[in-house]
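I have placed the structure first, in the form of structure tokens, so that the comments after it can refer back to it.
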Amino acid sequence: MEPLTWTGALSPLLPVLWTAAAALLILSVLRLVCGFVLAPGEATTHADGTLSVTRGPLELIDTAALWTLCATLAVLGGLLVGGAALGHGAGIVGGMSRQLVPVWLALALMLGLSYAFRRRLGLYGKLFDSTIGVSGFALVMFWVFAALFVSFDLIATHDPLAQSAAMKNEPPGTPYTRMIGEVAEGSYPYFLLGGDNLGRDVFSRMIAGALVVVQIAPLATAFAFMVGITLGLPAAYHGGRLDTVLTFLANLILAFPVILLFYLLVTPEIVATGIPSYMAAVMFVFPIAFFTILLNSRFHTRPRLRTPLLIGVVAVLGWLYLSLISERFGAIDILPPSLDLFDIPGGILVVFVSVVFVNSPTVFRIVRGLALDTRTRDYVAAAQTRGEGAWYIMLWEILPNARGPLIVDFCLRVGYTTILLGTLGFFGLGLPPESPDWGSTINDGRRLLAIYPHPALAPALALLSLVLGLNLLADGLREESLRD
Amino acid sequence: MTAFILRRVAVMIATALSLTFVVFFLTNLGPNLEKLAKTQGNVRMSDEQVDTWLANRGYDRPLFAKYGEWLGIVPGFVVEQPDGSLRGRCFGEADTLPPGAPRFCGVLQGEWGYSTVFRGEVGEIIAIRLGLTAKLMLWVMLLMVPAALLIGVLAGMREGSRTDRTLSSVSILSTATPEYVSGVIFIALFASSATGLKWFKGTATSAMENATFENFFLPVVTIALFGMGYIARMTRASMAEVMQQQYIRTARLKGVSFRNVVLKHALRNALIAPFTVIMLQFPWLLNGVVIVETLFNYKGFGWTLVQAASNNDIELLLGVSVVSVFVVLVTQLLSDVGYVYLNPRIKVA
Numbered sequence: 001m002e003p004l005t006w007t008g009a010l011s012p013l014l015p016v017l018w019t020a021a022a023a024l025l026i027l028s029v030l031r032l033v034c035g036f037v038l039a040p041g042e043a044t045t046h047a048d049g050t051l052s053v054t055r056g057p058l059e060l061i062d063t064a065a066l067w068t069l070c071a072t073l074a075v076l077g078g079l080l081v082g083g084a085a086l087g088h089g090a091g092i093v094g095g096m097s098r099q100l101v102p103v104w105l106a107l108a109l110m111l112g113l114s115y116a117f118r119r120r121l122g123l124y125g126k127l128f129d130s131t132i133g134v135s136g137f138a139l140v141m142f143w144v145f146a147a148l149f150v151s152f153d154l155i156a157t158h159d160p161l162a163q164s165a166a167m168k169n170e171p172p173g174t175p176y177t178r179m180i181g182e183v184a185e186g187s188y189p190y191f192l193l194g195g196d197n198l199g200r201d202v203f204s205r206m207i208a209g210a211l212v213v214v215q216i217a218p219l220a221t222a223f224a225f226m227v228g229i230t231l232g233l234p235a236a237y238h239g240g241r242l243d244t245v246l247t248f249l250a251n252l253i254l255a256f257p258v259i260l261l262f263y264l265l266v267t268p269e270i271v272a273t274g275i276p277s278y279m280a281a282v283m284f285v286f287p288i289a290f291f292t293i294l295l296n297s298r299f300h301t302r303p304r305l306r307t308p309l310l311i312g313v314v315a316v317l318g319w320l321y322l323s324l325i326s327e328r329f330g331a332i333d334i335l336p337p338s339l340d341l342f343d344i345p346g347g348i349l350v351v352f353v354s355v356v357f358v359n360s361p362t363v364f365r366i367v368r369g370l371a372l373d374t375r376t377r378d379y380v381a382a383a384q385t386r387g388e389g390a391w392y393i394m395l396w397e398i399l400p401n402a403r404g405p406l407i408v409d410f411c412l413r414v415g416y417t418t419i420l421l422g423t424l425g426f427f428g429l430g431l432p433p434e435s436p437d438w439g440s441t442i443n444d445g446r447r448l449l450a451i452y453p454h455p456a457l458a459p460a461l462a463l464l465s466l467v468l469g470l471n472l473l474a475d476g477l478r479e480e481s482l483r484d
Numbered sequence: 001m002t003a004f005i006l007r008r009v010a011v012m013i014a015t016a017l018s019l020t021f022v023v024f025f026l027t028n029l030g031p032n033l034e035k036l037a038k039t040q041g042n043v044r045m046s047d048e049q050v051d052t053w054l055a056n057r058g059y060d061r062p063l064f065a066k067y068g069e070w071l072g073i074v075p076g077f078v079v080e081q082p083d084g085s086l087r088g089r090c091f092g093e094a095d096t097l098p099p100g101a102p103r104f105c106g107v108l109q110g111e112w113g114y115s116t117v118f119r120g121e122v123g124e125i126i127a128i129r130l131g132l133t134a135k136l137m138l139w140v141m142l143l144m145v146p147a148a149l150l151i152g153v154l155a156g157m158r159e160g161s162r163t164d165r166t167l168s169s170v171s172i173l174s175t176a177t178p179e180y181v182s183g184v185i186f187i188a189l190f191a192s193s194a195t196g197l198k199w200f201k202g203t204a205t206s207a208m209e210n211a212t213f214e215n216f217f218l219p220v221v222t223i224a225l226f227g228m229g230y231i232a233r234m235t236r237a238s239m240a241e242v243m244q245q246q247y248i249r250t251a252r253l254k255g256v257s258f259r260n261v262v263l264k265h266a267l268r269n270a271l272i273a274p275f276t277v278i279m280l281q282f283p284w285l286l287n288g289v290v291i292v293e294t295l296f297n298y299k300g301f302g303w304t305l306v307q308a309a310s311n312n313d314i315e316l317l318l319g320v321s322v323v324s325v326f327v328v329l330v331t332q333l334l335s336d337v338g339y340v341y342l343n344p345r346i347k348v349a
């Protein structure tokens, strides 16, 4: 079999794409430079209240840049749609686009529905008014859907762990062969993005790596937020010695170089001492405490409702908590195996714990700052005069009013957590060495980077696009929430 | 002001003590000591042999005693070896107690200990490595700070304009590119045989003695790029805020040209906030240094940290953490003090 080219049957589109992209780049740079030299068009107000703007050279460049942007996007869209129709007849891009069809469908459905009902969806709907926000959201959801579908075995072309000695470091588009024995019937005929140094499929590993990141990063960030909120609100609200002690502790952790902390915490020797399990046992109490206080402060005047509600919530969360921290033959082995719902492998747990540990002091400081500001508002004074409890004021008066910046920071922080996970993988810490997560894959690929860049480049670009998406999303959210 | 600085210094010392103790505690845990014994001694040692190896080198004593010795407030240990000779923290191995040997030899006496990986004095190793990293950081700062300030000021002076949006997108892109991603992309593009553009070298090992544009530019750009976006965005926010002030409007209405308003009225006030941000970037730059030095094989401070940590080289690791914690805390202090000096509206008690 012939190796695939990048675009196959659609290659006539390529010159168009390069021309449009080059023109777009040149025009953007030109616009940037001219923006400082040339004056923009003059706006005049007419008697009937209408405005008119004279068109100068700047406006001309703007229009041209817009057209080239549209042309570039149209050709790119054509490549993806045509590729999805033609499969690997349209080369590597086509093959990938065909594999990603479920993602495209889900993405189109979700964005279309959200756009149609955007006026009824609150802040989320407003996101669709900002181009930057929507493009970030689309990038993020692309990886979320990719992770979702790869867990149903839909997108990956090969097993991310299966090796083939004949495929070692082969370039993208190489037909799949095996050194010994025949290729199994019905397996995908190509390695779309080539093979890595052990002969594993780079494309499948990149997609499977999304699952690791999408599972850990948002959850770890959510935990860090619960720790930060549960400690930051009282620190700001009560102040005094509690605030001093908590702030000192937070600064202590922040003064630690992150990588040193990872090297000290995420080693097999430390896992053997059980310290991560104890840290997990302490840190995972915070969500239970958070929800208990949250519900109790709201409903304590209605014991009929509160008591069953709290019993239910604490029972469910407590069971999850015990299953989470209890590991058979591990450091903490309290739950009998019949009741233990799941075991988290030590490597994943320690990665999770250390990422939460690193993130929570920053969240603590942000929450504390916001709460210090909100505490002085009139509605807080009103609630105090009404005789509301301290926790009620913190969680039901201050927190909802600080939600805008917190949501924005959540998006940014998920991106930062993704970078941290990549850093851990890059230093080969925590996750098992054959794990397909992006950091480990970059670490694997970097040794032969100068000769075979493709195994490291694919996960690097994947990580870049996800973090970029999260940052753009945060930027769009910030813009829209400021507009309120 | 003096009281403020004194209080901050006291907090700094408390922080440094707590952090070094945490590092000390974690590196002196049983499994870590066992790993140290097996890497330094013999991989096939039995449990008893590991215990004697550790006991002969003074590792089996209480944690606080060892920490005190390292600090230099507890006399250094002297252990009699099985063959009758003596081994002590302050004099190494000897048949009898040397007459001139000091009793205390810790950080307070200027003794940073002995590195088990590099087989040398920790103080010397750190000094050499820190010098190499200082060279890297100098170039990073020279590239990053002016570029970031320029982007931020240009974007912030006309908030919401096309220029602003273009430059803000560039800075978002740069904050979304961690060093290990941009480094990999740069090497793949500019230093590999795959594209054929061999403009730069993919390793910076030769830059340790002789830094040239060819072997030093990529690591410098890689670190600078990640830090740049954040500083640029903060500068932009600060500049945009200043441009909305009343006195800027007054200056505009007075007929001062836009260029002079930006350069003479706005710029100075807009650069106060970025100063703090640049100072507070140091801990993150340290991360970048570790990644880039590993990626480009530049044997500086970050590379030493990785070597010390992966081999559980206790005293070297402690030295490295003292230095890095010191850098973080001093830059925090400098940023606070500098902020007060730059901004006369702020008063500290």
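Chains as they are written, first to last, in the UniProt record's numbering: chain X, 1 to 484; chain Y, 1 to 349.
Yeah, the Cβ is synthetic: ideal placement off N, Cα and C, and Gly gets one too.
query: Gly72 of chain Y beta carbon less than 8 Å from that of Val107 of chain Y; result: yes
query: Minimum length 4: unbroken alpha helix (DSSP H) runs contained in the stretch 366–411 of chain X; result: 378–386
query: Proximity of Gly88 of chain Y and Phe104 of chain Y at Cβ, strictly below 8 Å; result: no
query: Cross-chain neighbours of Pro257 of chain X in chain Y, by beta carbon under 7 Å; result: Pro283, Leu286, Asn287 and Ser324
query: Contact under 8 Å by Cβ, Leu271 of chain Y with Met208 of chain Y; result: no
query: Segment limits, alpha helix (DSSP H) that includes Val320 of chain Y; result: Ile314 to Leu342
query: Distance between beta carbons of Phe226 of chain Y and Glu179 of chain Y, contact taken as under 8 Å; result: 5 Å
query: The alpha helix (DSSP H) enclosing Thr235 of chain Y, as first and last residue numbers; result: Phe213 to Met243
query: Proximity below 8 Å, CB of Asn312 of chain Y to CB of Asn32 of chain Y; result: yes
query: Straight-line Cα distance separating Gly469 of chain X from Asn197 of chain X; result: 30 Å
query: Contact set between Asn32 of chain Y and chain X, taken where Cβ atoms lie within less than 7 Å; result: Glu269
query: Nearest-angstrom Cβ-Cβ length linking Leu193 of chain X and His454 of chain X, presumed shorter than 8 Å; result: 6 Å
query: Option in X:Leu294, X:Ser28 and X:Phe225 with minimal Cα separation from Gly389 of chain X; result: X:Leu294
query: Contact set between Thr163 of chain Y and chain A, taken where Cβ atoms lie within less than 9 Å; result: Considering every chain present, this structure includes no chain A. Its protein chains are X and Y.
query: Arg87 of chain Y, DSSP secondary structure in three states; result: strand
query: Spatially closest choice to Val325 of chain Y from Y:Val22, Y:Val184, Y:Trp70 and Y:Glu111, by CA coordinates; result: Y:Val22
query: 8 Å Cβ cutoff met for Gly112 of chain X and Ser97 of chain X; result: no
query: Within 8 Å, strictly: CB atoms of Leu349 of chain X and Ala280 of chain X; result: yes
query: DSSP-derived helix/strand/coil call for Asp201 of chain X; result: strand
query: Cβ of Tyr59 of chain Y within 8 Å of any chain X Cβ; result: no
query: C-alpha gap between Gly110 of chain Y and Thr15 of chain Y, whole angstroms; result: 20 Å
query: Cα-Cα separation, Ala222 of chain X to Ser360 of chain X; result: 10 Å
query: C-beta atoms of Ile223 of chain Y and Val289 of chain Y nearer than 8 Å; result: yes
query: Per-residue DSSP class, three states only, for Leu51 of chain X; result: strand
query: Contact test: Ile419 of chain X Cβ vs the ligand ATP heavy atom, cutoff 7 Å; result: For the structure depicted, the ligand ATP is absent and the ligand set is empty, with no information on it obtainable.
query: Proximity test, Cβ basis, 8 Å: Thr54 of chain X and chain Y; result: no
query: Unbroken stretches of the alpha helix (DSSP H), 4 residues or longer, contained in the stretch 402–461 of chain X; result: 403–426 and 438–445
query: Within chain Y, the residues that Pro453 of chain X reaches when beta carbons sit closer than 7 Å; result: Ala188, Ser192 and Ala194
query: Ala194 of chain Y to Ile187 of chain Y span [Cα, whole Å]; result: 10 Å
query: Among Y:Trp70, Y:Ser18 and Y:Asn260, nearest to Ile253 of chain X - alpha-carbon criterion; result: Y:Ser18
query: Residue-chain proximity (Leu321 of chain Y, chain X), Cβ-Cβ < 8 Å; result: First, the residue type needs correcting, since residue 321 of chain Y is Ser and not Leu in the sequence shown. Judged by the 8 Å Cβ criterion, Ser321 of chain Y is in contact with chain X.
query: Short CB-CB distance (under 8 Å) between Leu193 of chain X and chain Y; result: no
query: Chain Y contact for Phe426 of chain X (CB, 8 Å cutoff); result: yes
query: Partners in chain X for Gly202 of chain Y, counting only beta-carbon separations shorter than 9 Å; result: Leu449 and Ala450
query: Proximal residues to Ile332 of chain X (C-beta, below 8 Å), its chain only, five neighbours per side dropped; result: Gly274, Ser277, Tyr278, Ala281, Ile325 and Ser326
query: Collapsed DSSP secondary structure at Thr96 of chain Y in the structure displayed; result: coil
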